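A.B. asks: Chains as they are written, first to last, in the numbering used here: chain X, 345 to 447; chain U, 77 to 194; chain P, 605 to 1003; chain D, 10 to 173. All residues carry an ideal CB built from backbone N, CA and C; glycine is no exception. Keep in mind it's a predicted model, so treat the numbers as computed, not measured. Have a look at the structure that comes next, please.
Below, the structure is given as structure tokens:
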């Protein structure tokens, strides 16, 4: 095959690390969620790369990637609803300021 | 299979470049006489009051939310529909259960008035 | 001359042979063939849209007892060309407060999404840009890019009307995508393929009796209504409700950038008509198409024009809906009906009935669901109409 | 050869867009960069010959999730740059940690010999996926519908504007 498997894995790893950085470093809750979406995408690249290069005759990798997609959508829907609801009561979605539980 | 996508990729390149090439071409031949009033919002000097990016109502979000759930449902149903001919009656009932579950979500949204545009 | 020898495939084969004889590598041939195909599709789309704009204006004029364009060229045929030349040389005003990069990107994306849709449309059995396995879903994906363009335009203009228009139109496009897609799943289920050409092939029995519109008329109706909304056409053209939000998300655009939105609008309608033709009206199928494959293109374009005409007809005659009515109609009427229809068709197909009986059962189920839906809708609407109306509701003061 | 060139270009595009997503000060721009990333990943899926996933990626991520994110940005008026910076205090540590993680992963991945095979993709992959939804993987399939139902109900409860 023209493209070696490790290329895909390295791109996925880079995407995962960028998403990881976004989750750790951003202040805004929506931006953190975007970081999580990047990480989920990286995971999906890995699923599909392994499906293509290890067992293309069986759809397991694709099916799993579809479930990841569904979970990502559910996560985004609930996460963003939470953010909107927090914004409504606290007028901020800056993570540094959301520290109700700190007492 | 990748050959088919070769045409799609080529079309994507051309279709993406073409509008900008034409806009760039008009930039060469069109008149350019900017003035502050013409370039203001509404093109007439009437000032906008307050910030443009005002806060929107949650109604838009609720519709987008219900859409997302049904979008995922469609994505699950398409492979099912393609495989439909090889499946037995029991498999079809399983898929209908899946649809019924989401129909329940729709009914819930209906009952909670999330579908009303207030 | 033997008419049956005219085959569009022959031209492709001749071109392929020409490339091979030039001694190019395999990859080079693929690249050049893809380039030529893509350019052909682009040119086809642009010429088509010039004609469509003229056609729609003329039709709307005739329907509304006006003349329509009649000055430039015979029957005003060159009116669109004149308009295009004017827009090309027009000053292009960019608002100072605009978010420049998304502002300039949005019209390009709007054009991009309609031209991309042309790639999977089967003009005839062999004349198809790319007959991919996931054709129907690909069209959905392309539509998603279109709503992103509207959102970008609305946001980047820095104008409240544009923003409201953008958000409204996205809410509308998203909502109506669901009945549209559910209505498209049903033919996919019957034919067992997502290829656009496969869907057309599956409807090929004698003289159009295999068209899905006969066995699944309700699916077609849902598809058609939803496609009116997806094409942002009256009665669903809330984005350009002049009386409320001036002109929607493209209000701050002028010159060529406005022209791109305009072009995308017309081509989108045509693409939706073409999808409807392929999925429900047998695509390029028609009499003698097996003997003379070139006829397929003519059948396809003719059927698509008829559907486009009906769209234009509806646009010229119907009044506009309010946004709350539009959303209710989608989520409380079309989507439940599409879900019920999906379940009914799935069960009927698994009963293993003999062929003519199955088609009749499908038809009966379609009509029954439609009648039930309309009756329920009428009943609730009547209840709302005759509900006691009072100027104010007296409240009993609580002690 | 051509595939490799396309892969490298798309990988650079995707990663660049992803970097834009995590660094842009304006949240709307970050969301647009995110859309670009999703599109790039979809092209990578096409190169992997997973056409169904490539198209689903565009439908779900660009059509649904990105739109949802942009709506949420509007609803919370969380434009960046107006408040203090986009990054929190620990961003330097986060950058170092992520870079370190990437270096370790990349070294690991380029060393491990995975048992790959060169087999063609079966033409009926989509049928396989469809029949496995209602066959082998029927329980995840039904659980996914429950998950979506629960997400819908929960999100409506959270996002609804309460009256009175």
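At a CB distance below 7 angstroms, what residues from the stretch 659-690 of chain P approach chain D? Give them in sequence order.
C.D. replies: Flagged: no residues at all.
A.B. asks: Using a Cβ-Cβ distance under 8 angstroms, would residue 183 (chain U) count as near chain X?
C.D. replies: Closer than 8 angstroms: no.
A.B. asks: Using the rule of at least 16 other Cβ atoms within 10 Å of the residue's Cβ for burial, across every protein chain shown, is residue 93 (chain D) buried or exposed?
C.D. replies: In this prediction, residue 93 (chain D) has a pLDDT of 45, which is less than 50 and means its spatial position is unreliable; what the coordinates show is noted afterwards. It is exposed - the Cβ of residue 93 (chain D) has fewer than 16 other Cβ atoms within 10 Å.
A.B. asks: Give me the Cα-Cα distance between residue 422 (chain X) and residue 164 (chain D), rounded to the nearest whole angstrom.
C.D. replies: Cα to Cα, residue 422 (chain X) sits roughly 5 angstroms from residue 164 (chain D).
A.B. asks: Using a Cβ-Cβ distance cut-off of 8 angstroms, determine whether residue 141 (chain U) contacts chain D.
C.D. replies: At least one chain D Cβ lies under 8 angstroms of residue 141 (chain U).
A.B. asks: Just checking: is the beta-carbon of residue 779 (chain P) within a distance shorter than 8 angstroms of some beta-carbon in chain U?
C.D. replies: For residue 779 (chain P), the answer is yes, since a Cβ of chain U falls inside 8 angstroms of its Cβ.
A.B. asks: Sort out for me which residues DSSP pairs residue 96 (chain D) with in a bridge.
C.D. replies: Looking at the DSSP assignment, residue 96 (chain D) forms a beta bridge with X:370.
A.B. asks: If the criterion is Cβ atoms closer than 8 angstroms, does the pair residue 681 (chain P) and residue 76 (chain D) meet it?
C.D. replies: No.
A.B. asks: Ordered along the chain, which non-local residues of its own chain (more than five positions away) have a Cβ less than 8 angstroms from that of residue 881 (chain P)?
C.D. replies: Correct list, in chain order: 887, 904, 907, 908 and 911.
A.B. asks: 8 angstroms is my cut-off, CB to CB: does residue 751 (chain P) come that close to chain C?
C.D. replies: Annotation note: the requested chain C is absent from the structure, which comprises protein chains X, U, P and D.
A.B. asks: Answer yes or no: does any C-beta atom of chain U fall closer than 8 angstroms to that of residue 165 (chain D)?
C.D. replies: At least one chain U Cβ lies under 8 angstroms of residue 165 (chain D).
A.B. asks: Listing by chain order, which chain D residues have their CB less than 8 angstroms from the CB of residue 744 (chain P)?
C.D. replies: Neighbours of residue 744 (chain P) on chain D, chain order: 64, 68 and 72.
A.B. asks: Note down, one range per segment and in chain order, each alpha helix (DSSP H) of at least 4 residues found wholly within the stretch 610-657 of chain P.
C.D. replies: DSSP runs (the alpha helix (DSSP H)) wholly in the stretch 610-657 of chain P: 612-625.
A.B. asks: Would you say residue 624 (chain P) lies against chain U (beta-carbon separation less than 8 angstroms)?
C.D. replies: Cβ-Cβ to chain U under 8 angstroms: no for residue 624 (chain P).
A.B. asks: State buried or exposed for residue 90 (chain D), treating a residue as buried only when at least 16 other CB atoms are found within 10 Å of its CB.
C.D. replies: Because residue 90 (chain D) carries a pLDDT of 44, less than 50, the predicted location of this residue cannot be relied on, and the following value inherits that uncertainty. Burial call: exposed.
A.B. asks: Taking buried to mean at least 16 other C-beta atoms within 10 Å of its own C-beta, is residue 836 (chain P) buried or exposed?
C.D. replies: Classification for residue 836 (chain P): buried.
A.B. asks: So, is the C-beta of residue 134 (chain U) closer than 8 angstroms to a C-beta in chain X?
C.D. replies: It does; some Cβ of chain X falls within 8 angstroms.
A.B. asks: Beta carbons nearer than 8 angstroms to chain D: which residues of the stretch 757-778 of chain P have them?
C.D. replies: Listed by position along the chain: 759, 771, 774 and 778.
A.B. asks: Determine the chain D residues that contact residue 748 (chain P) at a beta-carbon separation under 7 angstroms, and present them in chain order.
C.D. replies: The answer, in chain order, is 67, 68, 71 and 72.
A.B. asks: To the nearest whole angstrom, what separates the beta carbons of residue 703 (chain P) and residue 760 (chain P), a pair I think is in contact under 8 angstroms?
C.D. replies: Going by Cβ atoms, the distance from residue 703 (chain P) to residue 760 (chain P) rounds to 4 angstroms, so yes, they are a contact pair.
A.B. asks: How is the alpha helix (DSSP H) around residue 23 (chain D) delimited, first residue to last?
C.D. replies: Here the alpha helix (DSSP H) through residue 23 (chain D) covers 11-32.
A.B. asks: In this structure, does DSSP put residue 165 (chain D) in helix, strand or coil?
C.D. replies: DSSP places residue 165 (chain D) in helix when its eight states are reduced to three.
A.B. asks: Could you tell me whether the Cβ of residue 421 (chain X) comes closer than 8 angstroms to any Cβ of chain U?
C.D. replies: Taking Cβ atoms only, chain U reaches closer than 8 angstroms to residue 421 (chain X), which makes this a yes.
A.B. asks: Quick check on DSSP: helix, strand or coil for residue 736 (chain P)?
C.D. replies: DSSP places residue 736 (chain P) in coil when its eight states are reduced to three.
A.B. asks: Scan the stretch 938-977 of chain P and note each continuous alpha helix (DSSP H) run of 4 residues or more that stays entirely inside, going in chain order.
C.D. replies: The stretch 938-977 of chain P contains these whole alpha helix (DSSP H) runs: 939-953.
A.B. asks: Starting from residue 151 (chain U), find everything on chain D with Cβ-Cβ shorter than 7 angstroms and list it in chain order.
C.D. replies: Within chain D, the residues near residue 151 (chain U) are 65, 68 and 69.
A.B. asks: Counting only C-beta atoms, is residue 158 (chain U) closer than 8 angstroms to chain X at any point?
C.D. replies: Not one chain X Cβ lies under 8 angstroms of residue 158 (chain U).
A.B. asks: Going by CA-CA distance only, name the one from P:648, P:774, P:816 and P:632 that's closest to residue 725 (chain P).
C.D. replies: Comparing Cα positions, the closest option is P:648.
A.B. asks: Does residue 841 (chain P) come within less than 8 angstroms of chain U when only Cβ atoms are used?
C.D. replies: No, because no Cβ of chain U sits closer than 8 angstroms to the Cβ of residue 841 (chain P).
A.B. asks: Note down, in chain order, each residue of its chain lying with its Cβ closer than 6 angstroms to the Cβ of residue 180 (chain U), except the 5 sequence neighbours on either side.
C.D. replies: If we look at residue 180 (chain U) and ignore the five residues flanking it on each side, it has no Cβ neighbours.
A.B. asks: Cα-Cα, which of D:42, D:150, D:16 and D:160 is closest to residue 169 (chain U)?
C.D. replies: Closest by alpha carbon: D:150.
A.B. asks: Looking at the structure shown, is residue 95 (chain U) part of a helix, part of a strand, or coil, going by DSSP?
C.D. replies: Three-state DSSP puts residue 95 (chain U) in a helix.
A.B. asks: Assign residue 960 (chain P) to buried or exposed, taking buried as 16 or more other Cβ atoms, counted over all protein chains shown, within 10 Å of its Cβ.
C.D. replies: Residue 960 (chain P) should be labelled exposed.
A.B. asks: Could you tell me the alpha carbon to alpha carbon distance between residue 98 (chain U) and residue 105 (chain U), rounded to whole angstroms?
C.D. replies: Going from the Cα of residue 98 (chain U) to the Cα of residue 105 (chain U) covers about 11 angstroms.
A.B. asks: Looking at chain D, is there any beta carbon in it that lies within less than 8 angstroms of the beta carbon of residue 711 (chain P)?
C.D. replies: False, the Cβ-Cβ gap to chain D never drops below 8 angstroms.
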